[in-house]
Each structure stands twice: as structure tokens, then as C-alpha cells.
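Notes to accompany the following structure.
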Amino acid sequence: MTDFDPPLSGSAQDEVLELRPRFNADGLIAAIAQDVSTGEVLMLAWMNADALTATIETGRATYWSRSREALWVKGGTSGHFQDVVELRIDCDQDAVLMKVRQTGGACHTGRESCFYRIVTGDGRKLILLPEMDSEG
1 MTDFDPPLSG
11 SAQDEVLELR
21 PRFNADGLIA
31 AIAQDVSTGE
41 VLMLAWMNAD
51 ALTATIETGR
61 ATYWSRSREA
71 LWVKGGTSGH
81 FQDVVELRID
91 CDQDAVLMKV
101 RQTGGACHTG
111 RESCFYRIVT
121 GDGRKLILLP
131 EMDSEG
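So the sequence shown is numbered by full-length UniProt numbering: it starts at 1 and just counts up by one.
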């Protein structure tokens with residue numbers, strides 16, 4: 001797997017034209033998957049250096065499972081793959097945005113997106129989006 005150069009200090013990191021991901025203390029970086037056609041945010045997961053490298057090399061979204069402590073290719077079990085069309089990194093390189101072509105639902109519940117609930121104004125209740133019910 002590819003080793004990434006370390007992040008730069010201060011504002012130099014904001015302008016560098018080299019991929020220098022800033023992984024957190026656990027060696028992870030947030031990875032957002034967005035549908036390339038609709039712009040809908042599908043999910044957020046985590047990548048370590050190996051997952052980021054595998055994603056770049058294969059064009060398939062690969063994540064680090066914190067619960068299983070293992071790499072997982074999205075869709076490896078379900079067949080609901082994420083083919084990466086474009087990979088972006090934010091200004092200080094501590095978050096990745098992948099524009100993907102999603103096959104099937106992105107959420108493990110079978111829904112199109114993992115973001116299928118709205119937090120109510122009082123911050124205590126959730127409203128299920130009608131078009132996001134897990135039945136189809």
C-alpha cells in the first residue's frame with residue numbers, strides 16, 4: 001500500500017497540491033459518499049491509510065470497519081457497490097468526499113441513504129422521511 005507524506009503545518013496544508021491526509025489520533029479520516037448524479041449524501045464512514053489507498057487504486061469505495069477492525073469494500077457482501085467517479089479532499093485534508101455511482105442502497109438497512117431521518121426542532125425526536133422507508 002502507498003505511504004502518504006505527512007501533513008504540513010498551518011496554512012501550508014491548505015494550499016499544497018499533494019495528497020497529505022491528516023488522519024486522526026486513531027489513524028482514521030472521515031469519508032463521505034455522495035451520489036454523483038443527484039448530489040444526495042449517501043453515507044459517512046471511516047478510512048485508514050490502507051482503505052484510502054485501496055479506494056484510489058481500485059476505484060471502489062473501501063472503508064475501515066471500526067467494529068470489525070478490518071477493511072471492507074462497500075458492497076462486498078450486499079452487492080451494493082460504490083464506484084468512485086471523483087475523489088475530493090477538504091482544505092486541511094482531514095475529510096474525504098467521494099462522488100460515487102451507487103449500486104442498490106447505500107445504507108445497511110437497505111435504504112438509498114443512511115440519512116433518512118430529520119431531527120425535530122426541539123432536538124428530541126426524529127421524523128422518518130416517507131420516501132426513505134426501508135420497505136422500498
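A virtual CB, placed ideally from N, CA and C, is assigned to each residue, including glycine.
According to the DSSP assignment, Asp50 belongs to the alpha helix (DSSP H) that extends over Ala49 to Thr58. A Cβ-Cβ distance of about 33 angstroms is found for the pair Gly121 and His80, leaving them out of contact under the 8 angstroms criterion. Setting aside the 5 residues that flank it on each side, Pro21 is surrounded in the same chain by Phe4, Ile29 and Gln93, each with a C-beta closer than 6 angstroms to its C-beta; the list follows chain order. In this structure, DSSP gives Gln102 an extended state, which the three-state scheme calls strand.
Non-local C-beta neighbours of Cys91 in its own chain, meaning closer than 6 angstroms and more than five positions away in sequence, comprise Asp14, ordered along the chain. The region 1–36 contains, as complete beta strand (DSSP E) runs of 3+ residues, the segments 29–35 (chain order).
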